[in-house]
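**Student:**
2 protein chains.
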Amino acid sequence: MTRATTAPADRTRARRPSESIVADLLEAAAVEFAAHGFAGASTRRIAQRAGAHQPQINYHFTSKEQLWRATVDHLFTLMDAALPALDRPGPLGHAFVDLLHAFIRFSAEHPELDRIINLEATVPSARLEWLVATHLTPRFEVVAAGWRQLRSEGVGADLTAGEVWELITSFGAMHFANAPMLSLLGIHEGDGRSEAEAHAERVLAVLLPTATGRAPAP
Amino acid sequence: MTRATTAPADRTRARRPSESIVADLLEAAAVEFAAHGFAGASTRRIAQRAGAHQPQINYHFTSKEQLWRATVDHLFTLMDAALPALDRPGPLGHAFVDLLHAFIRFSAEHPELDRIINLEATVPSARLEWLVATHLTPRFEVVAAGWRQLRSEGVGADLTAGEVWELITSFGAMHFANAPMLSLLGIHEGDGRSEAEAHAERVLAVLLPTATGRAPAP
DNA sequence: GTCTATACCGAGATAGAC
DNA sequence: GTCTATCTCGGTATAGAC
Chain Y
0 MTRATTAPAD RTRARRPSES IVADLLEAAA VEFAAHGFAG ASTRRIAQRA GAHQPQINYH
60 FTSKEQLWRA TVDHLFTLMD AALPALDRPG PLGHAFVDLL HAFIRFSAEH PELDRIINLE
120 ATVPSARLEW LVATHLTPRF EVVAAGWRQL RSEGVGADLT AGEVWELITS FGAMHFANAP
180 MLSLLGIHEG DGRSEAEAHA ERVLAVLLPT ATGRAPAP
Chain W
0 MTRATTAPAD RTRARRPSES IVADLLEAAA VEFAAHGFAG ASTRRIAQRA GAHQPQINYH
60 FTSKEQLWRA TVDHLFTLMD AALPALDRPG PLGHAFVDLL HAFIRFSAEH PELDRIINLE
120 ATVPSARLEW LVATHLTPRF EVVAAGWRQL RSEGVGADLT AGEVWELITS FGAMHFANAP
180 MLSLLGIHEG DGRSEAEAHA ERVLAVLLPT ATGRAPAP
């Protein structure tokens, strides 16, 4: 493949038509940052994975740090597009169930976001502060308000909003973020779409044990 | 402090009496590996934190990789010393409750181990294979056998052994491993010893909702 | 066993031709 | 905007005096 011109084809990497380089760099950066963390990831490898040259990262993103932030922004944009709103018309419980299913499904398809968040979560840093203030806090507020409303209606397990958030982001997302380890352990049935739905039901069995016709599997 | 000899005191680091260097290096390595991952941690910083010189790491541990494995071994040794056995005399349910309390308490006191595991869990590697085969699989087998026994006695929520393992290691341990993020989010009340007990009760409320006089808080 | 000096490599970032 | 060449820095590991 790679075009058959008269020029030597054994170039380090075929020249790119310059169209989607930024998008390709963001996608490659998500994989590398998720796999090795900010410090461990290298811009050389990111560029190589995207079929670009390393200095193009500095040209398009100024610095490695800016590339990291753009990558996180990009992944959250993808996630928002995949999640339904919580304040739509109809029963809040149904909206909550749908939101959780969509979140788990997204975590299965894009484990990179949860991995990146977990990699930053353990040590204070400017990146973590930015991540929490920019992306996590606003979303937590929405979920927390929804959960408190549900609880005031007598629905849901006896858990605080914070505990619900922790349960969803740890137990819910870790199943896919840590898939390589769980696979070696013999847990993790397979990455099929049905696996995401099954896992969402597991989480819901804990959060909404008796609500809206939902019950623990027999 | 640091001894007042005639020699210049502004040495990079005071000379060590050579007694506990290995132990100090292991402790420093746990902190640095937990904070930055294997690739992101640097042997220079580890040595500096331990009050040693960087080449001493290669002398005592041969390589960075061997230092990492020794660090993991060390942390698991600490954990084993802090956990009660599951097959002691008496009701298995009680032993299970005690084990979980001790595990959560250890996770609160030594969040480094869970952090190191999570940092490796997301990408296949020789280190991950070693970690799972050497340390995780044997312990998982014990917990899984205990859980299946409990279930056969009609005790415990309707969860597989794998799901119980995931719940404990993610929701149970993440509360302390990700404390910096949760603190910025406004979750996480404080690191007190009572916080560990409270969190263990939360996990048990999910795992053993109705067993042995245990019930969800009113 | 400890410490200094250093070899060697790969990192991020920049300059400048194209 | 792209690409090559290169600067500078920090990484791991090793040699050899003490």
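Chains as they are written, first to last, in numbering that gives the first Met the number 0: chain Y, 0 to 217; chain W, 0 to 217.
Note that beta-carbon positions come from the ideal geometry of N, C-alpha and C, so glycine has one too.
Keep in mind the model is a prediction, meaning the values are calculated, not measured.
Unbroken alpha helix (DSSP H) runs of length 4 or more, entirely within the stretch 61 to 109 of chain Y: which are they?
**Tutor:** Runs found: 63 to 81, 91 to 108.
**Student:** For a contact defined as C-beta to C-beta under 9 Å, what are the partners of residue 196(W) on chain Y?
**Tutor:** Taking the second sequence and counting its residues from 1, the one referred to as residue 196(W) is at position 197. Within 9 Å Cβ-Cβ: nothing; residue 196(W) doesn't reach chain Y, min ~15 Å.
**Student:** Taking all protein chains shown into account, decide if residue 179(Y) is buried (16 or more other Cβ within 10 angstroms of its Cβ) or exposed.
**Tutor:** One-based indexing of the first sequence puts residue 179(Y) at position 180. Burial call: buried.
**Student:** Give the secondary structure of residue 158(W) by DSSP, where H, G and I count as helix, E and B as strand, and everything else as coil.
**Tutor:** The sequence position of residue 158(W) within the second sequence is 159, counting from 1. Coil at residue 158(W), not helix or strand.
**Student:** Quick check: what's the CA-CA separation for residue 204(W) versus residue 167(W)?
**Tutor:** Reading the second sequence from its first residue, position 205 is the one you call residue 204(W). Reading the second sequence from its first residue, position 168 is the one you call residue 167(W). For residue 204(W) and residue 167(W), the distance between alpha carbons rounds to 12 Å.
**Student:** Using a threshold of 8 Å, state whether the C-beta atoms of residue 36(W) and residue 39(Y) are closer than that.
**Tutor:** Reading the second sequence from its first residue, position 37 is the one you call residue 36(W). Reading the first sequence from its first residue, position 40 is the one you call residue 39(Y). Yes.
**Student:** For residue 164(W), I'd like the list of residues in its chain whose CB is within less than 8 Å of its CB, leaving aside the five on either flank, ordered along the chain.
**Tutor:** One-based indexing of the second sequence puts residue 164(W) at position 165. Cβ neighbours of residue 164(W) beyond the five flanking positions: 139, 142, 143.
**Student:** Against residue 114(Y), what residues of chain W qualify as contacts under a CB-to-CB distance less than 8 Å, listed in chain order?
**Tutor:** For this step, residue 114(Y) is matched to residue 115 along the first sequence. The contacting residues are 121.
**Student:** Excluding sequence positions up to five away, which residues of its chain have a Cβ less than 8 Å from the Cβ of residue 202(W)?
**Tutor:** Counting from one through the second sequence, the residue named residue 202(W) turns up at place 203. So the list reads 99, 103, 166, 167, 170, 171, once near-sequence residues are dropped.
**Student:** Less than 8 Å between CB atoms is the rule here; does residue 83(W) satisfy it with respect to chain Y?
**Tutor:** Walking along the second sequence from the start, residue 83(W) turns up at place 84. Chain Y, which has no Cβ nearer than 8 Å to the Cβ of residue 83(W), makes this no.
**Student:** Report the CB separation of residue 78(W) from residue 95(W) in whole angstroms; it is logged as a contact under 8 Å.
**Tutor:** Residue 78(W) sits at position 79 when you count from the first residue of the second sequence. Residue 95(W) sits at position 96 when you count from the first residue of the second sequence. Contact flag wrong, Cβ pair sits at about 17 Å.
**Student:** Is the number of C-beta pairs between the stretch 23 to 32 of chain Y and the stretch 60 to 76 of chain Y that are closer than 8 Å three or more?
**Tutor:** At 8 Å Cβ cutoff, the stretches touch.
**Student:** Buried or exposed for residue 121(W), going by 16 or more other Cβ atoms inside 10 Å?
**Tutor:** As a position in the second sequence, residue 121(W) is number 122, starting the count at 1. Buried, since its Cβ has 16 or more Cβ neighbours within 10 Å.
**Student:** Residues of chain Y with CB under 8 Å from residue 36(W), in chain order?
**Tutor:** One-based indexing of the second sequence puts residue 36(W) at position 37. Within 8 Å Cβ-Cβ: 35, 36, 38, 39, 118.
**Student:** Within the 8 Å Cβ cut-off, does residue 173(Y) reach chain W?
**Tutor:** Looking up residue 173(Y) in the first sequence gives position 174. It does; some Cβ of chain W falls within 8 Å.
**Student:** In this structure, how does DSSP classify residue 168(Y) when only helix, strand and coil are distinguished?
**Tutor:** On the first sequence, position 169 is the one that residue 168(Y) refers to. Helix, per DSSP.
**Student:** DSSP three-state label for residue 122(W), please.
**Tutor:** Indexing the second sequence from 1 puts residue 122(W) at position 123. Coil.
**Student:** Out of curiosity, what's the CA-to-CA distance linking residue 63(W) and residue 152(W)?
**Tutor:** Looking up residue 63(W) in the second sequence gives position 64. Looking up residue 152(W) in the second sequence gives position 153. Straight-line Cα distance between these residues: approximately 47 Å.
**Student:** Going straight from the alpha carbon of residue 59(Y) to that of residue 110(Y), what length do you get?
**Tutor:** What you label residue 59(Y) is simply residue 60 of the first sequence in a count that begins at 1. What you label residue 110(Y) is simply residue 111 of the first sequence in a count that begins at 1. Their backbone Cα atoms lie some 25 Å apart in a straight line.
**Student:** Which bits of chain W does residue 205(Y) rub up against, with CB to CB less than 7 Å?
**Tutor:** On the first sequence, residue 205(Y) is found 206 positions in, with the first residue counted as 1. Those within 7 Å of residue 205(Y) in chain W are 205.
**Student:** In angstroms with no decimal places, state the Cα-to-Cα distance between residue 192(W) and residue 55(Y).
**Tutor:** By 1-based counting over the second sequence, the position of residue 192(W) is 193. By 1-based counting over the first sequence, the position of residue 55(Y) is 56. Roughly 50 Å separates the two Cα atoms.
**Student:** For residue 205(Y), which of helix, strand or coil comes out of DSSP?
**Tutor:** Start at 1 with the first residue of the first sequence, and residue 205(Y) comes out as number 206. In this structure, residue 205(Y) counts as helix in the three-state DSSP scheme.
**Student:** Could you check how far apart the C-beta atoms of residue 43(Y) and residue 53(Y) are, in whole angstroms? I think they sit under 8 Å.
**Tutor:** Numbered from its first residue, the first sequence carries residue 43(Y) at position 44. Numbered from its first residue, the first sequence carries residue 53(Y) at position 54. Contact flag correct, Cβ pair sits at about 5 Å.
**Student:** Among the candidates 46(W), 195(W), 183(W), 127(W), whose CA atom is the shortest distance from the CA of residue 136(Y)?
**Tutor:** Your numbering for residue 136(Y) matches position 137 in the first sequence. If we check each option's Cα against that of residue 136(Y), 183(W) comes out closest.
**Student:** Quick one: using the 10 Å Cβ neighbour count with 16 as the cut-off for buried, is residue 86(W) buried or exposed?
**Tutor:** The residue you call residue 86(W) lines up with position 87 of the second sequence. Residue 86(W) should be labelled exposed.
**Student:** How big is the Cα-Cα spacing for residue 11(Y) and residue 46(Y)?
**Tutor:** Counting from 1 along the first sequence, the entry for residue 11(Y) is found at position 12. Counting from 1 along the first sequence, the entry for residue 46(Y) is found at position 47. Confidence is the limiting factor: at residue 11(Y) the pLDDT is only 47, short of 50, which leaves the residue's position unreliable, though a coordinate-based value still follows. Approximately 12 Å, taken between the alpha carbons.
**Student:** Between which residues of its own chain and residue 49(Y) is the CB-CB distance below 6 Å, once the five residues before and five after are set aside?
**Tutor:** For the purposes of this step, residue 49(Y) is taken as the residue at position 50 of the first sequence. Same-chain partners within the cutoff: 23, 24, 27.
**Student:** Measuring CA to CA, which of 19(Y), 114(Y), 91(Y) is closest to residue 31(Y)?
**Tutor:** Locating residue 31(Y) in the first sequence gives position 32, counting from the first residue. Comparing Cα-Cα distances from residue 31(Y) to each of 19(Y), 114(Y), 91(Y), the minimum goes to 114(Y).
**Student:** Excluding the 5 residues preceding and the 5 following residue 175(W) in the sequence, name in chain order all residues of the same chain whose CB lies nearer than 6 Å to its CB.
**Tutor:** Position 176 of the second sequence, counted from the start, is the residue given in the question as residue 175(W). 106, 107, 110.
**Student:** For a cutoff of 8 Å on Cβ pairs, would you count residue 170(Y) as touching chain W?
**Tutor:** The residue given as residue 170(Y) occupies position 171 in the first sequence. True, the Cβ-Cβ gap to chain W drops below 8 Å.
**Student:** At least one CB of chain W closer than 8 Å to the CB of residue 164(Y): is that the case?
**Tutor:** Within the first sequence, residue 164(Y) is the residue found at index 165, counting from 1. Yes, contact with chain W.
**Student:** Could you check the C-alpha separation between residue 162(W) and residue 88(W) for me, to the nearest Å?
**Tutor:** Within the second sequence, residue 162(W) is the residue found at index 163, counting from 1. Within the second sequence, residue 88(W) is the residue found at index 89, counting from 1. So the alpha carbons of these two residues sit roughly 26 Å apart.
**Student:** Closest by CA to residue 199(W), which one among 181(W), 185(W), 173(W)?
**Tutor:** Translated into positions along the second sequence, residue 199(W) becomes position 200. That would be 173(W), whose Cα lies nearest to the Cα of residue 199(W).
**Student:** For a quick check, are the C-beta atoms of residue 57(Y) and residue 117(W) less than 8 Å apart?
**Tutor:** Here residue 57(Y) refers to the residue found at position 58 of the first sequence. Here residue 117(W) refers to the residue found at position 118 of the second sequence. Not closer than 8 Å, so no.
**Student:** Specify, as a first and last residue, the run of the alpha helix (DSSP H) that residue 136(Y) falls within.
**Tutor:** Within the first sequence, residue 136(Y) is the residue found at index 137, counting from 1. Where residue 136(Y) is concerned, the enclosing alpha helix (DSSP H) stretches over 136 to 151.
**Student:** Counting contacts by CB-CB distance shorter than 8 Å, is residue 128(Y) in contact with chain W?
**Tutor:** By 1-based counting over the first sequence, the position of residue 128(Y) is 129. Closer than 8 Å: yes.
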